[in-house]
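I have placed the structure first, in the form of structure tokens, so that the comments after it can refer back to it.
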Amino acid sequence: MKILITGGGCKEYIDSVRVVTNSSTGRTSAVLADELSAKGFEVTLITAKIAIKPNSSSIKLRFFETGEELASAIKDELTSFKYDAVIHAAAVSDFVPENILIAGQTIKAGKNARKLPSGGEMTVTFKASPKIADSLHEWAALGGGEKAKVVCFKLLNNADEAAMGKAVTSLFGHSKADFVVYNDLSQITSDSHPFVILNAAGEVCGEGKTNEALAEKIEQALRAAFEPAEGVATNEVGA
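Sequence positions in the sequence shown follow the working numbering and run 3 to 241.
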């Protein structure tokens, strides 16, 4: 299979030097890329410039800083080449800076904005960013991947079962993903990275506690999706 993986966090510019970002390191996507490449998949990884990189030299790498650059790179890959699956693990900013109010002036925020003076106060307004996940199936189809499978990620923090179910159901609804991997930041440590994989029917088709196990379970889910006769064991959940 030919697989596109995204990873790392977005940097959204307030001005030419100041940014808002998140805590994503890109470690999960790097491990997924290495593990799946070692299993014989043809892997392209689109990752943040400062993210942890995979070790394998056989992986095609592309880099981004902003969410807009990430979306452009994904669209270019999916519409230019036929991919069998997309694993969208990048931490995309939900909001991006739009305008800056400083010293009574409104300035358009962004990488091209001049460096703002320090020592005073400023107000930054944000706008909602487009949901990249919602376009993955469409872009893949344009490149010949009409049957491409999409794996999306949902990271929560100290969420109860009801909140988890609502978030995952919403993601399935607007993205039309084939699988969603969810985990909770409060459970992640340097030694453990618990996860659960759900399919669109709300069935558990994989769970574990390491990124290496995640790669194995995603591989099994994808192979089963393309070879349904082999199947995978599933369990109902109340999501």
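Where a beta carbon is used, it is the ideal one built from N, C-alpha and C, also for glycine.
- Counting other Cβ atoms within 10 Å of its Cβ, residue 19 stays below 16 and is therefore classed as exposed.
- According to DSSP, residue pairing for residue 210 in a beta bridge involves 197.
- Here residue 31 is buried. Its C-beta has 16 or more other C-beta atoms within 10 Å.
- Here the region 165-183 does not lie against the region 61-77, with fewer than 3 beta-carbon pairs under 8 angstroms apart.
- Comparing alpha-carbon positions, the option among 186, 121, 81, 90 lying closest to residue 28 turns out to be 90.
- For residue 64, the uninterrupted beta strand (DSSP E) segment begins and ends at 62-66.
- Where residue 8 is concerned, the enclosing beta strand (DSSP E) starts and stops at 4-9.
- Taking all protein chains shown into account, residue 68 has 16 or more neighbouring C-beta atoms within 10 Å of its C-beta and is therefore buried.
- Unbroken alpha helix (DSSP H) runs of no fewer than 4 residues, entirely contained in the region 11-70, are found at 29-40, following chain order.
- The residue among 24, 78, 227, 221 with its C-alpha nearest the C-alpha of residue 37 is 221.
- As the crow flies, the alpha-carbon of residue 150 is around 18 angstroms from that of residue 133.
- Residue 157 carries a strand assignment under DSSP once its states are collapsed to helix, strand and coil.
- Pairing residue 216 with residue 183 gives a Cβ-Cβ distance under 8 angstroms.
- Beta-bridge annotation (DSSP): residue 99 is paired with 128.
- Beta-bridge partners assigned by DSSP to residue 220: none are found.
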